[in-house]
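Reviewing the structure listed below.
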Amino acid sequence: MATENSQLIIPNAQEPTKPLTMITIHNSIKLTPTNYLSWKTQMEAILIGYDLQKFIDGSHPAPPTTITTNNVVSTNPAYQTWLHQDNILFGALIGTLSSTLVPLITQSKTSYEAWQILANTYARPSRGHIKQLKDHLKNITKGSQSIKTRADELAALGKPLDQEDLIEKVLEGLDENYQSIIDAVNGRDSTISFDELHEKLINKELSLRNKISPSPLPASAHATNVRFTPWSVTNRTPRLPGSTSAPTQGIIRNSPTNTRDNRSPARPFLGRCQWCSTQGHVVSRCPFFRQQFPQVQPPSRPGNSSQSRPPAPWQAQANVTTTIPPNTTWLLDSGASHHVTTDLHNLTLHSPFDGTNEIMIGDGSGLPISHTGSTSLTTPSHSFTLSNVLCVPTMKRNLISISQFCKSNNTSIEFLPSSFHVKDLHTGAILLQGRTKDGVYEWPLSTTQSRPLIAFSSVKTTLS
Numbered sequence: 001m002a003t004e005n006s007q008l009i010i011p012n013a014q015e016p017t018k019p020l021t022m023i024t025i026h027n028s029i030k031l032t033p034t035n036y037l038s039w040k041t042q043m044e045a046i047l048i049g050y051d052l053q054k055f056i057d058g059s060h061p062a063p064p065t066t067i068t069t070n071n072v073v074s075t076n077p078a079y080q081t082w083l084h085q086d087n088i089l090f091g092a093l094i095g096t097l098s099s100t101l102v103p104l105i106t107q108s109k110t111s112y113e114a115w116q117i118l119a120n121t122y123a124r125p126s127r128g129h130i131k132q133l134k135d136h137l138k139n140i141t142k143g144s145q146s147i148k149t150r151a152d153e154l155a156a157l158g159k160p161l162d163q164e165d166l167i168e169k170v171l172e173g174l175d176e177n178y179q180s181i182i183d184a185v186n187g188r189d190s191t192i193s194f195d196e197l198h199e200k201l202i203n204k205e206l207s208l209r210n211k212i213s214p215s216p217l218p219a220s221a222h223a224t225n226v227r228f229t230p231w232s233v234t235n236r237t238p239r240l241p242g243s244t245s246a247p248t249q250g251i252i253r254n255s256p257t258n259t260r261d262n263r264s265p266a267r268p269f270l271g272r273c274q275w276c277s278t279q280g281h282v283v284s285r286c287p288f289f290r291q292q293f294p295q296v297q298p299p300s301r302p303g304n305s306s307q308s309r310p311p312a313p314w315q316a317q318a319n320v321t322t323t324i325p326p327n328t329t330w331l332l333d334s335g336a337s338h339h340v341t342t343d344l345h346n347l348t349l350h351s352p353f354d355g356t357n358e359i360m361i362g363d364g365s366g367l368p369i370s371h372t373g374s375t376s377l378t379t380p381s382h383s384f385t386l387s388n389v390l391c392v393p394t395m396k397r398n399l400i401s402i403s404q405f406c407k408s409n410n411t412s413i414e415f416l417p418s419s420f421h422v423k424d425l426h427t428g429a430i431l432l433q434g435r436t437k438d439g440v441y442e443w444p445l446s447t448t449q450s451r452p453l454i455a456f457s458s459v460k461t462t463l464s
C-alpha cells in the first residue's frame, strides 16, 4: 500500500539506494519584478525542507560525467542521479515564475544558473525603480487604494517605508470629510499603527456612505388604500404623500366637516429634494428632475376658494407608474477630461455641485452639472475606482475618461478592432476584457440596478 510520502519518491535506476525527490509546490507566490524577496524566502524554506538547497547555493556541484575503473571509462551513476534531481528542481523553479519572467532563464543549464540569474536581476533593485515607487507615493490620493501596495513593493525591494512616513502619506491623501480622523491621529502621543488607522478609515467611509447616500423617491400609490373622509384645506400646497421632509408651502389635515380655515404665516421650506438632495425645494420643483423627465407633470397648485361647495369625491392620479430603467451602461471615451454619469444613483458618494461650470459637448453647447462624486466598477476579481465623476442629468450616456481611469487605477487600456483589454500597468496582466457594441467600446455590465417607482398624486378637495 503506497503512502502519501511514497508518491514524492522516484526510483533511481542508476543508484537504487538513492531515489529521486519529486518537488510539489502548491499555491506558491509567483515571482514578479517587484516581489523577489518574498519569493526567495518561500523557495528557500521549501528547498531546505526537501534537503535540496545545496543545488542552488553552489555547495553541491555536478560530479564528473564519467568514471574510470580498471582502465575502463564508463558513465558515472552519481552524475546521472545529480542530473535527474537537478532537472526536477529546475522544472519546479519554472513553475513558480510569472509567465513574463520565464524567458530570463531559458538559456540556463542547471537550477544553480537559473537561481543566480534571478538573484542578479531582482535581488539588487535599481535605484530608478525605488525612486519611481517613492514618487508614486507622493501623488497618491484617497480612492486609489494603492498606498499599502506601493509600501509593500518597497519592502520587497529591501527598502521598507518607515511606519510614520506611510501613515503621513495616507493622511495627506485624505479630503476634508476625514478631518476628524486626521486631527485625532495628529493629536496622539504615540504613533498609530497602519492597521488601526486602516480600520478607522473604513469605519469612517461607511459612516459617510450611509449619511449622504440618496434616499429613493417614495411611491404614493399607497394613498389609494386609505378610507377617506371630508377634508378641510388651508390655502397652501400639500406636500408629497409619504415624504419625510417639511411641506413646501402648507399642510393638509384630516378633520371633521364645518371647520374654519386656519391660516398661519408662510415659512421657508427647510427640507431637501428627494432627487438632487438640494435644500430648499421638493422633487416637484426640482429643475434637474424636470430636465431628465419632462414627461412627468408635478401636482398642480390648488386654487383659492371662498365659497363652500358640496364635497367632491377624492381623486388620485399617478403620472408615472412604471419603473424607470437606470442608465448603467458606461462608454470609454479618449476625448473626455472627466468621468460623466447621467444618473445620480450611479454614484456611491456624491455632493451637490456649487460651481457655474458646464460640460461642453460636440456641438459647442453646455450642459449643467448637478453633482460630483465617486463610484466603482466591480468585476468578480477586481474593483476599479472612478473619482471626480460629474453628474449631468441631460447627458445621454455615461462616459469613462480613459486618461483619468488609467491614472486612478494604475492601468493601461489596449484597444483592438472588436474588443479592449484593461491591463495592470506594472505587470501587464489582463484585469478585464470588454467588447465593442454599435461601433463603441462599452464597459461590460456586472450587475443590474433597479430604480424605485416614481409617482405623484393629486388630491381634489373642497372647503366644508
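Be aware that the sequence shown starts at 1, since it is given in UniProt numbering, and climbs by one per residue.
Every residue, glycine too, gets a C-beta built ideally from N, C-alpha and C.
The model shown is predicted, which means the values in this text are computed figures rather than measured ones.
As a quick exercise: from the options, pick the residue whose alpha carbon is nearest that of residue i.
i, options, result
"F49", "I23, S383, D424, I29", "It should be noted that the sequence gives Gly, not Phe, for residue 49. Among I23, S383, D424, I29, the Cα nearest to that of G49 belongs to I23."
"D354", "T34, T66, I369", "I369"
"S376", "L445, L104, T191", "L445"
"T21", "Q42, K40, I46", "I46"
"T65", "A78, N71, V72", "A78"
"residue 513", "P19, K40, T121", "This structure cannot settle anything about residue 513, because the visible part of the chain is limited to 1 through 464."
"K40", "T121, I67, N71", "T121"
"T328", "S365, R290, T378", "T378"
Near residue i, which residues of its chain fall below 7 Å by C-beta distance, leaving aside the five closest residues on each side in sequence?
i, result
"T89", "For clarity, residue 89 is Leu in the given sequence; the question names Thr instead. Within the same chain, L89 has close Cβ partners I23, L52, F55, S111."
"A92", "I23, I25"
"L367", "E358, I359, I361, V392, T394, M395"
"S412", "C406, K423, L425"
"F194", "Q163, L166, I167"
"H382", "L431, L432"
Apart from the five residues on each side of it in sequence, which residues of its chain come closer than 8 Å, Cβ to Cβ, to residue i?
i, result
"L331", "R397, N398, L399, I400, V440, Y441, E442, W443"
"S334", "I402, S403"
"W82", "H60, A62, P63"
Tell me the rounded alpha-carbon separation between residue i and residue j.
i, j, result
"S207", "T342", "25 Å"
"Q107", "W115", "12 Å"
"N410", "K204", "25 Å"
"D175", "L349", "13 Å"
"T17", "E164", "57 Å"
"S98", "L31", "6 Å"
"I123", "L37", "Per the sequence shown, residue 123 should be read as Ala rather than Ile. Cα to Cα, A123 sits roughly 7 Å from L37."
"L390", "D57", "58 Å"
"S74", "P380", "60 Å"
"P33", "G95", "16 Å"
"E15", "I117", "31 Å"
"I181", "S418", "47 Å"
"P214", "E44", "Only weak support is given to the placement of P214: the predicted model assigns it a pLDDT of 48, under 50, and the value that follows is read from those uncertain coordinates. Distance between the alpha carbons of P214 and E44: 54 Å."
"S284", "Y178", "34 Å"
"V340", "H371", "10 Å"
"V170", "S351", "23 Å"
"T385", "T356", "26 Å"
"D189", "E196", "15 Å"
"R435", "L344", "26 Å"
"E199", "R209", "15 Å"
Classify residue i as buried or exposed, calling it buried when 16 or more other Cβ atoms lie within 10 Å of its own Cβ.
i, result
"P393", "buried"
"G373", "buried"
"N346", "buried"
"S337", "exposed"
"V102", "exposed"
"D202", "Checking the sequence shown, residue 202 turns out to be Ile, not Asp. Exposed: under 16 other Cβ atoms inside 10 Å."
"S408", "buried"
"D183", "exposed"
"D438", "exposed"
"D86", "buried"
Excluding the 5 residues flanking residue i on each side, which residues of the same chain have their C-beta closer than 6 Å to its C-beta?
i, result
"H421", "E414, I430, Q433"
"I192", "V185"
Problem set entry | the stretch 418-433 touching the stretch 360-371, judged by at least three CB pairs closer than 8 Å | The stretch 418-433 vs the stretch 360-371: no contact.
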